[in-house]
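Shown next, in structure tokens, is the structure this report addresses.
Shown next, in the form of structure tokens:
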């Protein structure tokens, strides 16, 4: 496996985690938003990630020998949660319906915080892998001198 392949895998992982962190941040920032431009409460956003085979000859040869293709990750779309919003009784709220209930975003702060920590740790792991790849490349250059 060459260094550019390692960098490509780490880079794609960093991009995915950045998108996840952006979506989670948006969810946490809008946890109390009851009215959006589309109407109704804010809907939780989540990213859909797919694995893509890497396109390089060395990786193809190596993975043919190993029996599977190397994969990079990519965010294919950001989707909105289609679950029903939470109805909270608050007749004094300006967005309350005729029965006094307000439709609130269906966002669990604890779940979002756990997801944020997971995405952050995964981001850090990708940086560590990228730095290890750079160190290996630098060591190979130093050995060649």
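Residue numbers (my numbering): -7 to 137.
Backbone N, C-alpha and C fix where the C-beta goes; we use that ideal spot for every residue, glycine too.
Every value quoted in this text rests on a predicted model; they were computed, and no experiment measured them.
Coil, strand or helix - residue 74 by DSSP: coil
Mind checking residue 137: buried by the 16 CB within 10 Å criterion, or exposed? exposed
To which residues of the same chain is residue 15 closer than 7 Å at the C-beta, ignoring the five residues directly before and after it? 37, 38, 39, 70
Alpha carbons only, please: which of 9, 30, 79 is nearest the one belonging to residue 99? 79
Which listed residue (63, 3, 25) has its alpha carbon closest to that of residue 43: 63
For the pair the stretch 17 to 27 and the stretch 79 to 97, tell me if three or more CB-CB distances fall below 8 Å. yes
Measuring alpha carbon to alpha carbon, tell me which of 133, 20, 6, 31 ends up nearest residue 41. 6
CB residue 67 to CB residue 11, shorter than 8 Å? yes
By DSSP, does residue 64 sit in helix, in strand, or in coil? strand
Could you tell me the distance, in whole angstroms, from the CA atom of residue 88 to the CA atom of residue 74? 21 Å
By Cβ distance, which residues of its chain are closer than 6 Å to residue 123, with the 5 residues on each side in sequence left out? none
Residue 35 and residue 76 - do their beta-carbons sit closer together than 8 Å? no
Proximity to residue 0 [Cα-Cα], best of 65, 113, 92: 65
Strand pairing of residue 42, partner residues [DSSP]: 66
Does DSSP put residue 13 in a helix, a strand or coil? helix
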